[in-house]
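Undergrad: Residue numbers (our numbering), protein chains in the order written: chain A, 1 to 378; chain B, 1 to 264. Glycine included, each C-beta is placed from N, C-alpha and C at the ideal position. Note that the structure is a prediction, hence the values are computed from the model and not measured.
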Amino acid sequence: MARERAWLESSRAGDGEWLLTALGHWDLKAAGSLSGTLDRFALDGGGAVSLDLSRLDAMDTVGAYLLSALSDRLKAAGHGVDLAAIRPEHAALFDAVREVGPPPVERAETHHPILDMLERTGRTAVDGLREGRDLLSFLGLIAITFGRLIVNPRRLRFRSVMFHIEQTGLNALPILGLLSFLIGVVLAFQGADQLRRFGAELFVVNLLGVSILREIGILMTAIIVAGRSGSAFTAQIGTMKVNQEVDAISTLGLDVVELLVVPRALALMITLPLLAFYADIMGLFGGAVMSYATLDITFGQFIRQLHGAVTLPHFLVGLVKAPVFALVIAMVGCYEGLKVSGSAESVGTLTTKSVVESIFLVIVLDAVFSVLFSFLRL
Amino acid sequence: MAPFDDKQPDAQDAVIRVRGLVTRFGPQVVHDGLDLDVRRGEVLGVVGGSGTGKSVLLKEILGLIRPADGRIELLGRDTADLPEAERVALQARTGVLFQNGALFSSMTVAQNVMVPLREHTDLSAALAAEIARVKIAMSGLPPNAGAKFPSELSGGMIKRAGLARALALDPDILFLDEPTAGLDPIGAAAFDQLIRNLQRSLGLTVFMVTHDLDSLTSICDRIAVLVDKKIRVGTLEEHLRDPHPWIHDYFHGPRGRAARHAES
């Protein structure tokens, strides 16, 4: 057998006493194999045990812990254990580890899988409702601050609003334009495929006009802005929260909502309708290009057909949703950012949560708008 | 094979040896031909004014920053151009407590302490958890602290948790970056005592960057002062006799006097 890095020698002294001698290097490297051996270690027959640690070559905390655990176990097995000898340089460490003592006895908790699941479901439901309530009260806070700013418009951070308009609006143009164009292309292609069977190719224009202006343009814009800007709001405010900048704002007598939330909300409410209009145009343009390519519908024909197919309400129905979506996205983004506490990890978690939540709310609100408009016969 | 039993506290060999160190940031020279020996088993306090490169020196010894010139030996090995495996082995023999603890915020304290144990050893999960518990207790944290996340701890507890992680592998050398900064005087004194006790029981060599004059007078064996882009090492008494204006002002200023007075 290969020589172990650390081992124990047991011998029986004359008067029925055991003498245990630890030898070798009792350290981290030996611990892996040593702990298995020690777990099985037992002395046959009773009698006091005298532990000799003076002849081992090295000992670190792990070694000291293993020896201390061994002596505890021998005591529990009914042996009287006595530390016979230890080298002075090891004594301090051994004592320090002995002082830590045995692990606290853990209370065994009984778990029932179905009850646990019920509990989790209940917790999630209550958390969801609480989140909804808190968001609603945050909306109230924003509304009150908006009201105050209307009375006293000089307090509005105009520069900050302009900055966020640039960040959320101007800088989003390339990605939004490209995606809307592609959506137009895809819609025209799929529509043409279906409508050609009925010889109604020209109605692709109606399909494009109505669907893009009413729904797709604004929905695409809102989802992209939620992913781009809503997440940025959460990360920005969350990092400020971690750095205690938000606390500093409060202690300087400034209003956090007025300084951080309102400029973002206002900027987004200005830019989102503009972006939605831009997305509409790019989507229709994509559709027109595709119609020309696959159906030989010229741009002139496209415009003429579009003119007959859509009316102003179609366009307005789409656009009127934009400020509402903007407020929801900005509100959720800022709210989750302000909820960040302490750790860097919570910034990441809450940023994800903010995007998911705002996209969810945008789609729910879109459905609500659809129901509302059908009542109003728009 | 290297001898295992190299924790003889009375051996006077240098575990950190720095020779001719030069550090530059652009045109600014921070260290110019700096020499330093840290002896095995001592507590060395490193002081210096702002911008004299205390933390930079610490990072250079740890291999986090490359110096412009010079030679750094850690436990007898030149740290420059070390093969990957040896560099990792060397890192396992050093422990670092960063200024703000640098605990992984997504893990509990116990998981933080177990990270090096899982990475560098073949301990079973149960044994690693036990060792983590022992280290956490030895660092003076209550038993329930192991299950807490760093964001739930106070500043002093974060430092202790960081210390427990730094000590997880029973390192030979412990690096401390301003360990008592941000602690109240009672907490700072307790932390100093903890470091002293652990240093004795674990046979550690401690390299401590600090501004705390009480730490310097109460637990440091020698003090290294960074002045004029070099370092002057000596005991407190030797520094007190040093006529260099910065060193004189540092140890004879009102705070220095108060700390010495409290000690005597």
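1) Flag this pair as yes or no: are the beta carbons of Val332 (chain A) and Gly230 (chain A) separated by less than 8 Å?
2) Can you find a CB in chain D that lies within less than 8 Å of the CB of Asp32 (chain B)?
3) Report the three-state DSSP secondary structure of Leu252 (chain A) (helix, strand or coil).
4) Checking 8 Å against the spacing of the C-beta atoms, do Leu202 (chain B) and Thr217 (chain B) come in under that value?
5) Determine the burial state of Ala147 (chain B): buried for a count of at least 16 other Cβ atoms within 10 Å of its Cβ, exposed for fewer.
6) Using a beta-carbon distance below 8 Å, is Gly203 (chain B) in contact with chain A?
7) To the nearest angstrom, how far is the alpha carbon of Gly78 (chain A) from that of Leu53 (chain A)?
8) Return the residue from the list A:Gly209, A:Met269, A:Glu131 and A:Leu136 that minimises the CA-CA distance to Met282 (chain A).
9) Give every residue of the same chain whose Cβ lies closer than 7 Å to the Cβ of Met157 (chain B), excluding the five residues on either side of it in the sequence, and list them in chain order.
10) Determine, using beta-carbon pairs with one atom in the stretch 90-104 of chain B and one in the stretch 171-183 of chain B, whether at least three such pairs fall under 8 Å.
11) Give, in chain order, every residue of the stretch 29-61 of chain A whose Cβ lies closer than 7 Å to some Cβ of chain B.
12) Terminal residues of the continuous beta strand (DSSP E) containing Arg232 (chain B)?
13) When you check each C-beta in the stretch 131-146 of chain B against every C-beta of chain A, which residues fall closer than 8 Å?
14) Note the first and the last residue of the continuous beta strand (DSSP E) segment covering Ala85 (chain A).
15) Just tell me which of A:Ala125, A:Leu34, A:Gly140 and A:Asp27 has its CA closest to the CA of Val262 (chain A).
16) State yes or no: is the beta carbon of Trp7 (chain A) nearer than 8 Å to at least one beta carbon in chain B?
17) With distances taken Cα to Cα, identify the nearest neighbour of Asn197 (chain B) among B:His244, B:Asp214 and B:Val43.
18) Which whole-angstrom value is the C-beta distance of Val364 (chain A) and Phe325 (chain A), which I expect to be below 8 Å?
19) So what does DSSP say about Glu363 (chain A), is it helix, strand or coil?
20) Give the secondary structure of Ile65 (chain B) by DSSP, where H, G and I count as helix, E and B as strand, and everything else as coil.
21) Per DSSP, Val46 (chain B) forms a beta bridge with which residues?
22) Any contact between the stretch 229-248 of chain A and the stretch 283-299 of chain A? By contact I mean 3 or more CB pairs, one from each, below 8 Å.
23) Can you pull the DSSP bridge partners for Thr94 (chain B)?
24) Note down the Cα distance separating Ala288 (chain A) from Gly177 (chain A), rounded to an integer number of angstroms.
25) Measure the Cβ-Cβ separation of Arg228 (chain A) and Ala276 (chain A) and say whether it is below 8 Å.
26) Could you tell me whether any Cβ in chain A is nearer than 8 Å to the Cβ of Asp5 (chain B)?
27) Under the three-state reduction of DSSP, which class applies to Thr180 (chain B): helix, strand or coil?
28) Excluding the five sequence neighbours on either side, which residues of its own chain have a C-beta within less than 6 Å of the C-beta of Met208 (chain B), listed in chain order?
29) Compare the C-beta of Pro116 (chain B) with all C-beta atoms of chain A and state if any pair is closer than 8 Å.
30) Within a Cβ cutoff of 7 Å, which residues of the same chain sit near Gly47 (chain A), ignoring the five residues on either side of it in sequence?
31) Please confirm whether Ala161 (chain B) and Leu153 (chain B) have their CB atoms less than 8 Å apart.
32) Can you list, in chain order, the residues of its chain with a C-beta nearer than 6 Å to that of Val161 (chain A)? Leave out the 5 residues immediately preceding and following it.
33) Can you grab the Cα-Cα spacing for the pair Ile175 (chain A) / Leu319 (chain A), in whole Å?
34) Would you mind telling me which residues of chain B sit closer than 7 Å to Glu345 (chain A), beta carbon to beta carbon, in chain order?
35) How big is the Cα-Cα spacing for Phe158 (chain A) and Asp366 (chain A)?
36) List the residues that DSSP assigns as beta-bridge partners of Glu73 (chain B).
TA: Checking against the coordinates, here is how it stands:
1) Position 332 of the first sequence, counted from the start, is the residue given in the question as residue 332 (chain A). Position 230 of the first sequence, counted from the start, is the residue given in the question as residue 230 (chain A). Cβ atoms of Val332 (chain A) and Gly230 (chain A): closer than 8 Å.
2) Of the chains in the structure shown, none is chain D; the protein chains are A and B.
3) Locating residue 252 (chain A) in the first sequence gives position 252, where the first residue counts as 1. In the structure shown, Leu252 (chain A) sits in coil (DSSP, three-state: anything other than H, G, I, E or B).
4) As a first step, residue 202 (chain B) is located in the second sequence; it is residue number 202 there, counting from the start. As a first step, residue 217 (chain B) is located in the second sequence; it is residue number 217 there, counting from the start. No, the Cβ-Cβ distance between Leu202 (chain B) and Thr217 (chain B) is not below 8 Å.
5) Locating residue 147 (chain B) in the second sequence gives position 147, counting from the first residue. Classification of Ala147 (chain B): exposed, given that the 10 Å Cβ count is below 16.
6) To locate residue 203 (chain B), count along the second sequence from 1; it is residue 203. It does; some Cβ of chain A falls within 8 Å.
7) Taking the first residue of the first sequence as position 1, residue 78 (chain A) is located at position 78. Taking the first residue of the first sequence as position 1, residue 53 (chain A) is located at position 53. Each residue's Cα considered, the two are about 21 Å apart.
8) For the purposes of this step, residue 282 (chain A) is identified with residue 282 of the first sequence, where counting begins at 1. The candidate whose alpha carbon is nearest that of Met282 (chain A) is A:Gly209.
9) What you label residue 157 (chain B) is simply residue 157 of the second sequence in a count that begins at 1. Around Met157 (chain B): Leu141 and Ala145.
10) yes
11) Ala31, Gly32, Ser35, Asp57, Ala58, Asp60 and Thr61
12) In the second sequence, counting from the first residue as 1, residue 232 (chain B) sits at position 232. Residues Lys230 to Gly234.
13) Ile131, Arg133, Val134, Lys135, Ala137, Met138 and Pro143
14) Within the first sequence, residue 85 (chain A) is the residue found at index 85, counting from 1. Per DSSP, Ala85 (chain A) belongs to the beta strand (DSSP E) from Val81 to Ile86.
15) Taking the first residue of the first sequence as 1, we reach residue 262 (chain A) at position 262. Comparing Cα positions, the closest option is A:Gly140.
16) Position 7 of the first sequence holds residue 7 (chain A). It does not; no Cβ of chain B falls within 8 Å.
17) Counting from 1 along the second sequence, the entry for residue 197 (chain B) is found at position 197. Measuring from the Cα of Asn197 (chain B), the nearest candidate turns out to be B:Val43.
18) Here residue 364 (chain A) refers to the residue found at position 364 when the first sequence is read from its first residue. Here residue 325 (chain A) refers to the residue found at position 325 when the first sequence is read from its first residue. In fact, because the Cβ distance is near 11 Å, the residues do not count as touching under 8 Å.
19) As a working note, residue 363 (chain A) is residue 363 in the first sequence. For the record, residue 363 (chain A) in the displayed sequence is Ile; it is not Glu. In this structure, Ile363 (chain A) counts as helix in the three-state DSSP scheme.
20) Position 65 of the second sequence holds residue 65 (chain B). The answer is coil: DSSP assigns Ile65 (chain B) none of H, G, I, E or B.
21) By one-based count along the second sequence, residue 46 (chain B) stands at place 46. In the DSSP output, where bridge partners are listed per residue, Val46 (chain B) has B:Val209 and B:Ala224.
22) no
23) Taking the second sequence and counting its residues from 1, one reaches residue 94 (chain B) at position 94. Paired residues: B:Ile173.
24) As a first step, residue 288 (chain A) is located in the first sequence; it is residue number 288 there, counting from the start. As a first step, residue 177 (chain A) is located in the first sequence; it is residue number 177 there, counting from the start. Roughly 15 Å separates the two Cα atoms.
25) Looking up residue 228 (chain A) in the first sequence gives position 228. Looking up residue 276 (chain A) in the first sequence gives position 276. Not closer than 8 Å, so no.
26) Here residue 5 (chain B) refers to the residue found at position 5 when the second sequence is read from its first residue. Because Asp5 (chain B) sits at a pLDDT of 41, beneath the cut-off of 50, its placement in the model cannot be relied upon, and the point is left open.
27) Taking the first residue of the second sequence as 1, we reach residue 180 (chain B) at position 180. Of the three classes helix, strand and coil, the one that applies to Thr180 (chain B) here is coil, per DSSP.
28) What you label residue 208 (chain B) is simply residue 208 of the second sequence in a count that begins at 1. Excluding residues within five positions, the ones whose Cβ falls inside 6 Å are Gly45 and Leu176.
29) Here residue 116 (chain B) corresponds to residue number 116 of the second sequence, with the count starting at 1. So, not an interface residue.
30) The sequence position of residue 47 (chain A) within the first sequence is 47, counting from 1. Once the five neighbours on either side are set aside, the close Cβ partners of Gly47 (chain A) are Gly16, Glu17, Trp18 and His79.
31) In the second sequence, residue 161 (chain B) corresponds to position 161, counting from 1. In the second sequence, residue 153 (chain B) corresponds to position 153, counting from 1. Contact: yes.
32) Locating residue 161 (chain A) in the first sequence gives position 161, counting from the first residue. Within the same chain, Val161 (chain A) has close Cβ partners Pro263, Leu266 and Ala267.
33) The residue given as residue 175 (chain A) occupies position 175 in the first sequence. The residue given as residue 319 (chain A) occupies position 319 in the first sequence. Approximately 20 Å, taken between the alpha carbons.
34) Start at 1 with the first residue of the first sequence, and residue 345 (chain A) comes out as number 345. What Glu345 (chain A) touches in chain B: Ser105 and Ser106.
35) In the first sequence, the residue the question calls residue 158 (chain A) occupies position 158. In the first sequence, the residue the question calls residue 366 (chain A) occupies position 366. Rounded to whole angstroms, Phe158 (chain A) to Asp366 (chain A) spans 30 Å at the Cα level.
36) Numbered from its first residue, the second sequence carries residue 73 (chain B) at position 73. The partner list for Glu73 (chain B) (beta bridge, DSSP) reads B:Arg17 and B:Asp78.
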